[in-house]
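Chains as they are written, first to last, in the working numbering: chain A, 60 to 581; chain B, 5 to 290; chain C, 3 to 332.
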Amino acid sequence: MQDKQAVNAVVENYAAGKMSRRRFLYTMGLLGVSGALADLVGLSPLGAVNVWAAVNGAEARAWALAKAAAAKATKKTLTLLIPTGSIGNMTPYADKWKNELGITLEFIEEPDEVVHTKGMQEAVAKTGRYDVMMPTAMSYPDWLDSGLIYDLTDWVETYQPDIFHDTWGVVFPASHHAQLYNGRVVGLLCDGDQITLLCRGDHIKDAAKAKAFEDKFGYKLDVPHTWKEYYTLASFMHDPKNNFYGSLEYRSRYYAKWMFMQRLASKGRLWFDQDMNPTFNSPEGLQVLEDMLAVNQFLHPDAFSFTWSSNYNAFGRGEGFMNIVWPSGFKYSKAPSTGPATTGKITATVMPADILPDGSRLYAGMFCWGYGFAVSRYSANPELAYAYAQWMTSPTISADAIPYLGGYSDPYRINHMLDPTERLVETYTKDYLKILYNNIVNTVPDFCLPGGFEYQDALDKEVHACMTGEKKPKAALDDASKAFERITRRAGKDKVRKSWFALTANLAEPIKKATGRASWTL
Amino acid sequence: MPPRTLSLPLRTALCCALILVLFPIFWLFMTAVKPPTDWNASPAIWVPAEPTLVNFKTLFDPDAIREYGVGGVSRSAGDAVFGSLLASTVSTLISVGTGIFSAIGLSRYSKGSRSAPLVILSGRMFPPAAIAVPFVIIFSLVGLIDTYAGLITVYVAVTLPFSTWMLKSFVDDLPREIEEAAMLDGMSRLKAHLTVTIPLIKGGLFATTMLVFILNWSEFMFALVLSYSNINTIPVQLAKYVTATAGTLYGVQAALAVLAMLPLVLGGFFIQGHLARGMTFGAVKQ
Amino acid sequence: MVTEGALPGRNEDRSGQVTPVVAEGAAYGGSRASRPAGKSFPVGRAFTVPGQVVSVLVLVIPLAVALYMSFTDWTPTRGGLAEAHFTGTENYSELLIWDTRFLEAVARTLIISAICLALEFAAGLGLAVLFMRRFRGKKILFSAFLSPMMVLPVVVGYTFWMLFQANGPVNQILGFVGLSGVEWFKSSLPAVSAVILTEVWHWTPLFFLILLSGLNAVPENPLRAAVILGASPGQLFVHVVLPMLRPVIMVAFVVRTMEIIKLFDEVFMLTRGGPGSSTETVSLYIYKLAFNDFQLAYGAAAAFLVLVGSLFLVHLLLIPVKDHIMEERR
């Protein structure tokens, strides 16, 4: 006999996010709600929310705003500027928007590296062509300063997308460094791009190799936990005669800098100190370059020309033991069509830690690339655009959107990683989602500053020159420092400093401590 | 010197040159017929075991490639092909059409100043990335952004100096006595040029048209900057064949690239006689 | 007279009694005879009007805007162009004095361009000379040798990127003949070579085309005379043919120089300017300034410096032709 009140309470609890779906289904079962019904309600969060009308949900609030905005809209199209290849997460909802709101979603795709430029162009041309724009977080400062996009903070406060929610919000600190500029919300994250480490688990489980490894190095063969272990593994597994390389780490232009930045962060260094002096021109920075040079001999021969596409393909063909990838790379290696040699054989882990001077281990990760939705200031329909952004990134819709193929979206909310839907588990596996969570909490941001693109290019150029042997490490870092100083001078030191201070205010505690950020003053 | 047939060493040299020249094109054609599984093979596959036309089909039917497990191509390349044809043809016609008259005017009716050619050519020598934004500013004021009219305008702007200069050298090549003879016979100036001058520099006209067309057809940066959703050209479309599930779609890109070569190769083939004849730039007179 | 024929190759039915005269400044400007008398003047002048109108509207105005931009510190993050501060020649001095990356890019572009042009000329000339002979299949082969020019620059870029992969066909071929594969993108010399090879492959056909037509038009009489006087084929070529071809060669160089200075698409696809910045052409740098860094005013200044440099270069290239004309006049 169903106790209606009890069921309602449970449903409310579930809808309020106070219990996981597993618990919900279990409890519903205990209360006598038939398995099938409970399943129907709880199967798709979409369904659960709709059926049980959790009006306080971020999705519902966004939908309500969308309805109101759509009703008074004269332009019945919502135009989105998106990078090519990302459309797969968004097209499944086009019909719903058309049928229920009368709004046609129009996608304007541009090559990935052009989105930033198109934004700049729009800042100049002010055509009003775009409503929603999907850049990486590195674009936000320049875009906001150019008057191209809205500061979303007020809308966020009114409509509550729950981005800082402790149960289903965007995972901290990504919630801050991928969505804020100078403490104000300027974009809603829709793609959790952090780098993680993938290993060929079949080689780790290989008994012969395990024995040989333990005999040689004195500890058990496993995924690397420190950068030193990473080096050891790369050397051990390196087998060029069989077209199998220690690691597929990037050494190509545009990607090399992230490898440098990742290791630098692991050593407890951010990119600037509190006076905007570049910090990589230091013993730690030098050590990072030396470490990277040392690993060069164990890398894939195409490492110097890899794009994410060719890197994923090489790993999928089974040409390396380790690879540093974004979550999309995991999907790639898992699928039989793109990872014929790796499907079912991947063991993933968080990025290796480094040993600090005081002997402790520091785990750091890099949150780099990830896309988010911004609202164009020249849009005819800014509220509708914002409603779209909040709706697509809401805890419930996003959990539904991410698993769709043909798009770049990766998990970014707590519920995606710790309380995933079945489809999310199918796509990423429970273990990997856990790893994503454990890694993301330690991430540091990319150059999400005014002039960010200039900084990253200046650093990348020098790191790459060092990797190819054109420059000695010290010279490369000196030149990078000089370039950085010039960029800071031209951009306005106070302006960049203010934004850097705000950007680094939100980091995992161990990183704050190790980098000294905890004691900075503006 | 009477022409000789080729000796063996020369024939070998010619063969080697031919291989060097055609190999990348061969590679492009092979890539265009490779199924997705072959695109990223390592070592690289020269000739696919199972050639397929799916890449070509995908250009116009985006879902065709799904049978190989590759998804994410969201639009047909049809508008890009149309756009390239429209923009390149119209802008070339306007550029050459205006250019021939400027060339005649400069050649026959003005004192040749030494700096004229340099001034004429400066439009061609300006890095496009830096002039794209001024165009954006101006076009946004007159509503020409994302229109073929705007793109054609830009293409005419950057090729007009070039066609003027090239055509002028062909006109210079021609002795003005020929036209004067026609005019003495009572023909008007305009008629004289239309019926006498222009036909006589036919070779140069074809050559200039072909070169200008190639420049417009291959142009990428302005098309990228000026296109939003209403216009599209082949070079811009090429850059958009990237998907999340399969990375860069090398085969589909190659298929579009092969298609893009067709008009140029065909055009070149038909006018090749005129090409070789016409481009002496007044080097030699008889 | 300009004659027509169906096949590229020597013209058989030339009447060849007239001594060749290099048309004055055909490539450089100015025409031969004196101007005709008065009243036809306005009509004649009118011919240039459409071109001038178009030029002013669609070329001069944007260039003027770009020029104005180059004297400001404008970037969209500081507001609109109208509000930008006028900073005079600050951008120019920064570029010429402090911006080593710009100066290096310019030097690099010049060196790469010079090497490419030299190779394209040599290969184009070699092919053209070869095509002066008679052999079967010339028409098809002519089209074949022109085809690299017909491939879109972006396509050339990424095709060669594929060819130069570590396990790509180029290394496979090298392995075939017993050489070890080259890591094309791992250090600057191979990377620059890859860029040069790509560019030379793409544009040699243009030199081939222009030089072939020039060679076709070389009249026989001076050649016969030289042979009678005892010249060897080598001397014939160097001292008789080449000088006659000079205007043609110059035009080919000018046309190619104008384009190669803007070298962008191929390099972007091949190396993105790397390793480090060893293949970063000035065009790539300006693209980065304008499109990534939003440094529009600074980028405009850099572009004008490039323009002035190119004009100067082209002027230099055309001088030999001018001198030749002066000689003829005497």
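Cβ atoms here follow ideal geometry from the backbone N, Cα and C, with glycine treated the same way.
For cysteine 525(A), the enclosing alpha helix (DSSP H) has its first and last residue at 511 to 526. In this chain, the alpha helix (DSSP H) harbouring isoleucine 212(C) covers 190 to 218.
For arginine 312(A), the CB contacts under 6 Å within the same chain, skipping 5 residues up- and downstream, are His523 in chain order. Isoleucine 456(A) and serine 435(A) have their alpha carbons spaced roughly 22 Å apart.
Inclusion of aspartate 252(A) and tryptophan 428(A) in the CB contact set at 8 Å is warranted, their separation being smaller than that value.
Proximity of chain A to glycine 275(C) at the Cβ level (cut-off 7 Å) is accounted for by Arg312, in chain order. Taking a 10 Å sphere around the C-beta of arginine 226(C), we find fewer than 16 other C-beta atoms and assign the residue as exposed.
For the pair leucine 178(B) and isoleucine 205(B), the CB atoms are nearer than the 8 Å cut-off.
The alpha-carbon of valine 58(B) is positioned some 54 Å away from that of proline 342(A). Taking the Cα positions, leucine 483(A) is about 25 Å away from phenylalanine 166(A). One alpha carbon belongs to threonine 163(A), the other to glycine 144(A), and they sit about 20 Å apart. With its beta carbon at least 8 Å from every one in chain B, asparagine 382(A) lies outside the interface. Within its own chain, the residues whose Cβ lies closer than 7 Å to the Cβ of histidine 235(A), once the five positions on either side in sequence are excluded, are Asn565, listed in chain order.
For alanine 136(B), DSSP records no beta bridge to any residue. Look at the beta carbons and you see the region 273 to 283 of chain C touching the region 309 to 325 of chain A: at least three pairs across the two are nearer than 8 Å. Of all residues in the region 198 to 228 of chain B, only Leu228 place a beta-carbon less than 7 Å from a beta-carbon of chain A.
Judged by their CB atoms, phenylalanine 293(C) and proline 78(C) are not nearer to each other than the 8 Å cut-off. Contact note: alanine 48(B) reaches chain C through Met164, Gln167, Asn169, Gly170, Pro171, Gln174, using a C-beta cutoff of 8 Å and chain order. Under the Cβ distance rule, arginine 376(A) counts among the residues neighbouring chain B, one pair being separated by less than 8 Å.
Under DSSP, methionine 381(A) shares a beta bridge with Cys258(A), Ser306(A). Look at aspartate 295(C): its C-beta is under 8 Å from a C-beta on chain A. Taking all protein chains shown into account, glutamate 481(A) has fewer than 16 neighbouring C-beta atoms within 10 Å of its C-beta and is therefore exposed. Here the region 404 to 424 of chain A lies against the region 494 to 514 of chain A, with 3 or more beta-carbon pairs under 8 Å apart. As the crow flies, the alpha-carbon of glutamate 268(C) is around 24 Å from that of glycine 271(B). Below the 9 Å Cβ cutoff, chain C contributes no neighbours of valine 77(B), its closest Cβ being approximately 17 Å away. Taking 9 Å as the Cβ-Cβ cut-off, the region 183 to 215 of chain C approaches chain A at Gly183, Glu185, Trp186, Phe187, Lys188, Ser189, Ser190, Ala193, given in chain order. Pairing phenylalanine 426(A) with alanine 117(A) gives a Cβ-Cβ distance that is not under 8 Å. By the CB criterion at 8 Å, phenylalanine 273(B) and serine 145(C) fall inside the cutoff.
Taking a cut-off of 8 Å for Cβ pairs, the region 87 to 99 of chain C and the region 169 to 188 of chain C do not touch, as fewer than three such pairs fall below it. Thr50(C) is the residue among Val179(C), Thr50(C), Phe239(C) whose C-alpha sits nearest the C-alpha of tyrosine 113(B).
Secondary structure remark: continuous alpha helix (DSSP H) runs of at least 4 residues inside the region 138 to 164 of chain C, in chain order: 140 to 148.
Contact check for proline 462(A) against histidine 284(A) fails: the beta carbons are separated by 8 Å or more. Non-local beta-carbon contacts of arginine 322(A) in its own chain, meaning distances under 8 Å to residues more than five positions away in sequence, involve Trp286, Val347, Asp350, Met351, Asp413 in chain order. A direct Cα-Cα distance of roughly 36 Å separates threonine 201(B) from leucine 263(B). If one requires a minimum length of 4 residues, the alpha helix (DSSP H) runs lying completely within the region 260 to 312 of chain C are 267 to 272, 284 to 289, in chain order.
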